[in-house]
Each structure stands twice: as structure tokens, then as C-alpha cells.
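Student: This is the structure I want to talk about, given as C-alpha cells.
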Amino acid sequence: MTATAGHAALELEIGGMTCASCAARIEKKLSRLDGVTATVNFATAKAKVRYPQSVSAEQLITAIENAGYTAHLPEPPTTEADRSHDAALATLRHRLLVSLALAVPVLAMAMVPALQFENWQWLSLTLAAPVVCWGGYEFHRAALINARHGTATMDTLISVGTLAAFGWSVYALFFGHAGMAGMKHSFSLGIARTDAASTVYFEVAAGVIVFILAGRYAETRAKDRAGSALRALIELGAKEVSVLRGDTEVLVPIDALRVGDRFLVRPGAKIATDGVVVEGDSAVDQSLLTGEALPVDVGPGDTVIGATVNTGGLLTVRATRVGSDTQLAQMAALVEEAQNGKAPVQRLADRVAGVFVPIVFVIAGLTLAYWLLTGAPTEVACGAAVAVLIIACPCALGLATPTALLVGTGRGAQLGILIKGPQVLESTRRIDTVVLDKTGTVTTGRMTLVEVITDEPADELLAIAAAVEHGSEHPVARAVVAGARERGLRPAPVQRFTSHGGRGVCGLVDGRDVVIGRAELLAERGIALPERLAASKETAERDGATAIAVAWDGAARGILVLADAMKPTSADAVADLRALGLSPVLLTGDNAATARSVAEQAGIDEVVAEVLPDDKLRAIREFQARGRVVAMVGDGVNDAPALAAADLGLAMGGGTDVAAEAGDIVLVRDDLRAVATAIRLSRATLRTIEGNLFWAFGYNVAAIPLAAAGLLNPMLAGAAMALSSVFVVTNSLRLRRFH
25 MTATAGHAAL
35 ELEIGGMTCA
45 SCAARIEKKL
55 SRLDGVTATV
65 NFATAKAKVR
75 YPQSVSAEQL
85 ITAIENAGYT
95 AHLPEPPTTE
105 ADRSHDAALA
115 TLRHRLLVSL
125 ALAVPVLAMA
135 MVPALQFENW
145 QWLSLTLAAP
155 VVCWGGYEFH
165 RAALINARHG
175 TATMDTLISV
185 GTLAAFGWSV
195 YALFFGHAGM
205 AGMKHSFSLG
215 IARTDAASTV
225 YFEVAAGVIV
235 FILAGRYAET
245 RAKDRAGSAL
255 RALIELGAKE
265 VSVLRGDTEV
275 LVPIDALRVG
285 DRFLVRPGAK
295 IATDGVVVEG
305 DSAVDQSLLT
315 GEALPVDVGP
325 GDTVIGATVN
335 TGGLLTVRAT
345 RVGSDTQLAQ
355 MAALVEEAQN
365 GKAPVQRLAD
375 RVAGVFVPIV
385 FVIAGLTLAY
395 WLLTGAPTEV
405 ACGAAVAVLI
415 IACPCALGLA
425 TPTALLVGTG
435 RGAQLGILIK
445 GPQVLESTRR
455 IDTVVLDKTG
465 TVTTGRMTLV
475 EVITDEPADE
485 LLAIAAAVEH
495 GSEHPVARAV
505 VAGARERGLR
515 PAPVQRFTSH
525 GGRGVCGLVD
535 GRDVVIGRAE
545 LLAERGIALP
555 ERLAASKETA
565 ERDGATAIAV
575 AWDGAARGIL
585 VLADAMKPTS
595 ADAVADLRAL
605 GLSPVLLTGD
615 NAATARSVAE
625 QAGIDEVVAE
635 VLPDDKLRAI
645 REFQARGRVV
655 AMVGDGVNDA
665 PALAAADLGL
675 AMGGGTDVAA
685 EAGDIVLVRD
695 DLRAVATAIR
705 LSRATLRTIE
715 GNLFWAFGYN
725 VAAIPLAAAG
735 LLNPMLAGAA
745 MALSSVFVVT
755 NSLRLRRFH
């Protein structure tokens, strides 16, 4: 449970929903409570609710129960929960198989006149009765609950339609002429007027129940498969961990691990949680989380991710994040949040489904009245009305968006792509410009000290610079500190440390007033670069390196030259973006010469250089003001404003938590090629949703007039309705094969 701005938010698991209208009805019930907003997802059977402090969670659950459903707080995945789910699926399968065995003879006798022996219709009654009453029990039960609350859902249509067909047939047997020995009737699944002499509809009642049960079973299995990626993600983590208590190794459950604990990871074992290597050197297989095939070398000081596999030597790791704070848990939470969300197009579908059922009853009533008033036989009028009720069930409409989201976001998680919400999908289709941060995105982000240019003792200048830079987290600062450490220099303490927003840093070291950074920062303090240092700086920058000036006591003392290597996959990634019809732009705080050098290597034509964090945000807005739809790719804290302002923000997984929070899509793998993959997956998911909705809407629009005109047999209507839902789910499952 979370709370924001006086409102709390929680997630509830809903029981008893059987169609999209159920979800719409629960949303309406919850929204009637003051200050409550709710999103109910039929595919995941969950509700996300925001409510004020004046409303309790118990009131929310009571409102749902009063609507005829069950609700409870979600429980963590357990073996018992899995068994309960499997048992429910087995019960549905048993009900389907028994109903199928009973319905097949009924269908055969009705469809093949040669099988219509004397009094065959009475055997049809005997076999069809348990199918309608027991096989369709859940539909009738749901319809009764809905009636008690003055509402109607898809189950109401199914129940009324099948009971109407069965009831008419029983009436015809006992009170009409259908029960006479030797009665025959023809049967056709074609689009044609039904024969007025066909007065028994047992095959319709039994067949529709079987078709719909088959559709529900296929949907349940498919939704289970669609959610398997999230469950697999949750189950990746280790279950036990070897913790060091002093010098003693103790095996404890993963829940007992705390931040700061040191634990052992043996070769071939999973790393229990996110942490920092304290001792040992090894290679870690991160493919389960990032999709990256090659193991990553780690040693003391390197961070490791929980659930990845240690492939080499023995590691001692200090836990830095546990439980819900780990990267694995955050990935699972992001995926589930995306799956539980709703795109604008899905909200439209839900509103349509919510008013569709009453309209269908009106159409069915008008159909019945029209045929009776035009003098048609009663059985023809009833058959047309029943066909309208059956064909109209828009179950496919309710499944069109959530199933595609389930599969698409689940597949994304497997590929190391976390789509934060369904609204993101629409953005991926509209973008035409991709703005790429340089450091850590196009380049490795690991600056290396290349050269120290000074007339002072080089080690002295580097030690003083490292002392001041030690207080900064900027990549340049880390490179300076690392360069000093490699030379065995021990930086002195710094006082009055000040950072100047990407331009440089200042501090007091051993009585020296030190300024390090761009020439502009030195100029603001009246310090000019001597001609030799200025020429060295210009040469270094022309070669694509970064040069920072070091000054103290009012005079420039030297230049530190650093280089940031290009990621080996960046050029391929830019080519992939161009293949998608997107224009890449390099955006960086580095100098123009360095930026142009990197852009040339990566194949980028447009460069915006020497920008501060605020300028990055301004640059994004300028692109948007010129009519361009912008995606921003970044990894640092200074990229967060631009990521949030862009039409689509993509945060590189190797970056900061702030950047990941600001982005719409998080790329777990620190590889720029994942940007094009994420855009392709998002667009494929959106195309699948649109295809599903087109099928669901088009099916009902085309079929209802045929049914009302008496041109669609109720049996064929039931089969088509069930198959439409199966088609939508199957179409969504194609996303599992996305590469």
C-alpha cells in the first residue's frame, strides 16, 4: 500500500469476474465512493484503487462484495496459491470435457438427419439438460447475482440465450408437436433463414455452452501463459543465502538478509541480493535479467545484481538492497504496474462494454417483436432473438487490450525492457526524433585519465585535483580520482567543497584555493589559461578527449586530459534507429569538439553540445516547439528533467535510480541497441491491441444485424462468439515470439 497527497493506493485481487462488463461494473461501484478512483483489469483480475483517508480498505472490499464479487489483498506467490490456481483450471477442464461428451451426440443427431431415429429428440433432452444446467452453472449463477443487483453482464446474455433455447425446446416437446414419434428436422450452419419446422434447439443450448466453456478454458490457459514472464521474474531470486556472522558462515532464508550483511556466493550459485563485492574476483552471468549473453567481470568495489549467477570464483558480497528495494523486485513491480494499467483505447472499450448489454437486450426484444408482428412463426422469432443475445457477447472486446499488454510487457521483461505503463505504447509510434545523452549512453561513461599537462610536479597536481574531485560523483571526477589511485597517490582532505552544476568544482586543499573545471569557470574567477595550456587543451578536444583545467591561488597550473570510449554497439544502435525512420541527435554537456568526434564515430549528424542540465530540458522543449516528437535516452541524474519532459523517456539500466524513475521505459541492459528493440516491441504490442479491437468491434457490428435478420443460426452465433475470444488471446500470444 502506498500513499500520496492525502490519498492511499492499494491493489486488490478480484474474484468472480467473467467478462469485461464485470470489470466496468466494479469500477463504477468503487467510483461512487467519495474521492475513490479505480482501475479494474479483467485479464489480471486485479483492481488498483486510490482512495482518501476518509475511506477504509474494508469499505472498498465491502463495496466490491456488494456488487456480487470477492476481493482481498494480494498474497505473495506460494506453492499453495499455484495449486489452487491449477485446481480451478482442472475444474474448468473437467466441466468442459464432460459437457463436450454429452453435447456431441446432441449435435450429431441435430445436424445429421440420418441419425434422427424415432424419439431421438427425447434423448437430446436427456443429454442436453446436464450440459445446460451443470455445464453452464457458473453463467446462470453470475446472471442471477447480476439480476439481484439490477445489472447485466456478458454472463447474462449467455444464460438468457441458452435458457431461452432450452426452454423453448422443452415447451415444444411437452406442449407442441415436437415430441411426436418420428419427428425430423433439418439443420444448417449457413447464413440463411431457419426452417420454421425446426422447433427444437437442444443442440443450440448445449453447443453454445460447450463453445463458450472451450473459449473460457482457452482464455484462462492463455492468460496464465501470458503472466508466466512475471512469475518467472519473481522466482529468479535465491531462496537461501550463506551469511557471514563474524567468521562463521550461517545458512539463512533470503528474508532474513539485511542491508550491510556480508554473504558468500560460490561458483555456479545465484547472488542472493543487490550488493558490492568485498572480496574475490569472478565473472557474473546477468543474462536472466539483462539479456546480455557475455558474463561481466567483477572484483572488489564492483556492484552485483541479485538473481544473477556467479560463474567463476568465490565472492564475498555486502548487501546494499534487500527485499522490495532490489533491482529484481523493482523490475517485477514495474512489469506488474504496466500490466495492470489501461491505455486510453482500453478505457473506451470498457465504457462500450458497460453499456453494451442493455442495448443488446433492447435489440433482442425488438427483433422478437418485429418477427412476431410480421407474422413469422414463433420459433423463427425466438431463434432470431436468441441468436442476437448469443452473438453479441463482446468478451473479445474485454480481452483485446489487457491480454496484449500482459504478453507484450512480459516479453519485454524477458528481454530486459521494462515498459512502465500502457500509455507509453502510443508515444513510441509518434516519435520522430531520438535525443541521445553521450556519457554513459553512447559512450561507456567511464572516463579514463590519459595525460597530465603541467609545469608543476605532475603527481602533486594530480593529488590536489583528486582531493577536490573526491567530493563529486561526476564521471570526470571519478576518472581523476581513479587515475590518482592508480599512481599510488593519497588525496589530502578537502574543505569548503563546492560543485558548479557540471562546469567544475572548487575546494580548499592544504591551504590552496583550488578551482577545477572548464576554462569558463576559471575565467569567472579572473584566471586565464596560459598560451601553452590553452593550445594543449584545444588539441586534446580536437581529438575527442575532455580537458579540464586545474588552478589554485589565482593561477592556472595544468590540464588533465580524459577520454570516454565509445560503446562497441553504439554505431549499430544508431543505424537501427535510422532504420526505424528516426532522427538521432547527440545531446551532451561536453565541449563541441568532443561531441562532434563522438557523433561522427556513432553516425549521428545532429549535435547539441556544451549544455547544462537545465539546458538539456530546454533543448528537448525547443525540439518539441519545432513540431518534433522527441524520445530522450539517458542514464544520469542530470538527464532526469529531460527524460520526464520528453514525449518518451528511455532510461538506461546502468544509470541512476533517479533517471530510471523519470523514464517511461527502463532498459535493464546497458546497451544502446535495446532502444530500437524497445520501440519495436512497443509498436508491435500497440499493433496487436489495435488488431484485437478491430476484430472485436468488427465482429459484433457485422454479426448482430445478421442475427436480427434471422440469417444466423444460434449455434453458429455461439461458436463464432467463443472463437472470437480465442482468436484475440491467440493473436496476443504471438508477441511471445518477438525478438
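Its first residue numbered 25, the sequence shown is counted upward by one per residue in the working numbering. Where a beta carbon is used, it is the ideal one built from N, C-alpha and C, also for glycine.
By Cβ distance, which residues of its chain are closer than 6 Å to LEU197, with the 5 residues on each side in sequence left out?
Tutor: Here residue 197 refers to the residue found at position 173 of the sequence shown. Result list for LEU197: GLY203, in chain order.
Student: Quick one: measure Cβ to Cβ for PHE300 and ARG342, integer angstroms, because I've assumed they're closer than 8 Å.
Tutor: To locate residue 300, count along the sequence shown from 1; it is residue 276. To locate residue 342, count along the sequence shown from 1; it is residue 318. Contrary to the premise, residue 300 reads as Val rather than Phe in this sequence. About 5 Å; that satisfies the 8 Å criterion.
Student: Any beta carbon from chain D within less than 8 Å of ILE572's own beta carbon?
Tutor: Of the protein chains in this structure there is only one, and it is not chain D.
Student: Considering only their Cβ atoms, is the gap separating THR618 from THR570 smaller than 8 Å?
Tutor: For the purposes of this step, residue 570 is taken as the residue at position 546 of the sequence shown. For the purposes of this step, residue 618 is taken as the residue at position 594 of the sequence shown. Yes, the pair counts as a contact, with Cβ atoms nearer than the cut-off.
Student: Tell me the residue span of the alpha helix (DSSP H) that contains HIS164.
Tutor: Here residue 164 corresponds to residue number 140 of the sequence shown, with the count starting at 1. Here the alpha helix (DSSP H) through HIS164 covers 161-172.
Student: Okay, do the region 579-586 and the region 474-485 touch, 3+ Cβ pairs below 8 Å being the bar?
Tutor: Taking 8 Å as the limit for Cβ pairs, the verdict is that the region 474-485 does touch the region 579-586.
Student: From the DSSP output, read off the bridge partner residues of SER266.
Tutor: If you number the sequence shown from 1, residue 266 lands on position 242. Beta-bridge pairing links SER266 to LEU275, LEU288.
Student: Measuring alpha carbon to alpha carbon, tell me which of VAL274, LEU120, VAL322, VAL333 ends up nearest THR297.
Tutor: Working through the sequence shown from its first residue, we reach residue 297 at position 273. The option with the nearest alpha carbon to THR297 is VAL333.
Student: So what does DSSP say about GLU37, is it helix, strand or coil?
Tutor: Against the sequence shown, residue 37 aligns to sequence position 13. Here GLU37 sits in strand by DSSP.
Student: What are the boundary residues of the beta strand (DSSP E) that LEU765 is part of?
Tutor: This structure cannot speak to residue 765, because the chain is shown only from 25 to 763.
Student: Would ALA47 pass as a contact of PHE66 if the rule is Cβ separation under 8 Å?
Tutor: Looking up residue 47 in the sequence shown gives position 23. Looking up residue 66 in the sequence shown gives position 42. Yes, these two residues count as a Cβ contact at 8 Å.
Student: Between the Cα of GLY325 and the Cα atoms of TYR93, VAL302, LEU396, which residue gives the shortest distance?
Tutor: Here residue 325 refers to the residue found at position 301 when the sequence shown is read from its first residue. Among TYR93, VAL302, LEU396, the Cα nearest to that of GLY325 belongs to VAL302.
Student: Using three-state DSSP, classify THR63 as helix, strand or coil.
Tutor: On the sequence shown, residue 63 is found 39 positions in, with the first residue counted as 1. Strand, per DSSP.
Student: Does the structure place the region 667-675 close enough to the region 690-702 that three or more beta carbon pairs sit under 8 Å?
Tutor: Yes: the two stretches touch, three or more of their Cβ pairs being nearer than 8 Å.
Student: Name the residue from LYS640, ASP537, LEU485, ALA700 whose alpha carbon lies nearest to the alpha carbon of ARG514.
Tutor: Taking the first residue of the sequence shown as 1, we reach residue 514 at position 490. It is LEU485.
Student: Measuring alpha carbon to alpha carbon, tell me which residue in VAL431, LYS640, ARG286 is nearest LEU705.
Tutor: Residue mapping note: residue 705 aligns to position 681 of the sequence shown, counting from 1. The shortest Cα separation from LEU705 among VAL431, LYS640, ARG286 belongs to VAL431.
Student: Here's the rule: buried if 16 or more other CB atoms are within 10 angstroms of the residue's CB, otherwise exposed. What is GLY270?
Tutor: As a working mapping, residue 270 is identified with position 246 in the sequence shown. So GLY270 ends up on the exposed side.
Student: Can you name, in chain order, every residue of its own chain whose Cβ lies under 6 Å from the Cβ of LEU821, other than the five neighbours on each side?
Tutor: Residue coverage of the chain in this structure runs from 25 to 763, which leaves residue 821 outside it and unanswerable.
Student: For PHE199, count neighbouring C-beta atoms within 10 Å of its own C-beta (all shown protein chains included) and say buried if the count is 16 or more, exposed if not.
Tutor: Position 175 of the sequence shown holds residue 199. When all chains shown are included, PHE199 counts as exposed.
Student: Any idea what DSSP makes of SER756, helix, strand or coil?
Tutor: For the purposes of this step, residue 756 is taken as residue 732 along the sequence shown, with counting starting at 1. If DSSP states are grouped into helix, strand and coil, SER756 belongs with the helices.
Student: Straight-line CA distance for ILE182 to GLU646?
Tutor: As a first step, residue 182 must be located in the sequence shown, where it is residue number 158. As a first step, residue 646 must be located in the sequence shown, where it is residue number 622. Roughly 55 Å between the two C-alpha positions.
Student: Short check: CB of GLY92 to CB of ILE38, under 8 Å?
Tutor: Here the question's residue 92 lines up with position 68 in the sequence shown. Here the question's residue 38 lines up with position 14 in the sequence shown. Not in contact: GLY92 and ILE38 (Cβ atoms no closer than 8 Å).
Student: If the criterion is Cβ atoms closer than 8 Å, does the pair LYS640 and ASP663 meet it?
Tutor: Here residue 640 is taken as the residue at index 616 of the sequence shown, counted from 1. Here residue 663 is taken as the residue at index 639 of the sequence shown, counted from 1. In contact: LYS640 and ASP663 (Cβ atoms closer than 8 Å).
Student: Which residue marks the beginning of the alpha helix (DSSP H) containing GLU634, and which one marks its end?
Tutor: Here the question's residue 634 lines up with position 610 in the sequence shown. No alpha helix (DSSP H) holds GLU634; DSSP gives it neither H nor E.
Student: On the DSSP bridge list, what partners appear for GLU303?
Tutor: Mapped onto the sequence shown, residue 303 falls at position 279. Answer is THR340.
Student: Taking three-plus beta-carbon pairs below 8 Å as touching, is the region 459-475 in contact with the region 503-514?
Tutor: A contact exists between the region 459-475 and the region 503-514.
Student: So, do the region 488-505 and the region 551-558 have three or more beta carbon pairs nearer to each other than 8 Å?
Tutor: They do not touch, by the three-pair rule.
Student: According to the Cβ coordinates, are MET133 and SER148 closer than 8 Å?
Tutor: Here residue 133 refers to the residue found at position 109 when the sequence shown is read from its first residue. Here residue 148 refers to the residue found at position 124 when the sequence shown is read from its first residue. Yes, Cβ-Cβ distance for MET133 and SER148 is below 8 Å.
Student: Rounding to the nearest angstrom, what Cα-Cα distance links HIS164 and ILE443 in this structure?
Tutor: Working through the sequence shown from its first residue, we reach residue 164 at position 140. Working through the sequence shown from its first residue, we reach residue 443 at position 419. Approximately 39 Å, taken between the alpha carbons.
Student: Straight-line CA distance for PRO154 to PRO291?
Tutor: Translated into positions along the sequence shown, residue 154 becomes position 130. Translated into positions along the sequence shown, residue 291 becomes position 267. Each residue's alpha carbon lies about 59 Å from the other.
Student: For the candidate residues GLU450, ALA409, LEU735, whose alpha-carbon lies nearest to that of ARG783?
Tutor: Residue 783 cannot be examined here, being either before or after the span of the chain that is shown, 25 to 763.
Student: Please confirm whether ALA490 and VAL574 have their CB atoms less than 8 Å apart.
Tutor: In the sequence shown, residue 490 corresponds to position 466, counting from 1. In the sequence shown, residue 574 corresponds to position 550, counting from 1. Going by C-beta atoms, ALA490 is not nearer than 8 Å to VAL574.
Student: Give me, in chain order, the residues of the same chain whose beta-carbon lies closer than 7 Å to that of ALA633; leave out the 5 immediate sequence neighbours on both sides.
Tutor: For the purposes of this step, residue 633 is taken as residue 609 along the sequence shown, with counting starting at 1. So the list reads THR612, ASP614, ASN615, ALA616, ALA619, once near-sequence residues are dropped.
Student: Do LEU460 and LEU610 have their C-beta atoms closer together than 8 Å?
Tutor: Against the sequence shown, residue 460 aligns to sequence position 436. Against the sequence shown, residue 610 aligns to sequence position 586. Result yes, Cβ atoms of LEU460 and LEU610 sit closer than 8 Å.
Student: Is it right to say PHE141 is buried, meaning 16 or more other beta carbons lie within 10 angstroms of its own, or is it exposed?
Tutor: On the sequence shown, position 117 is the one that residue 141 refers to. The residue is exposed, with fewer than 16 neighbouring Cβ atoms inside 10 Å.
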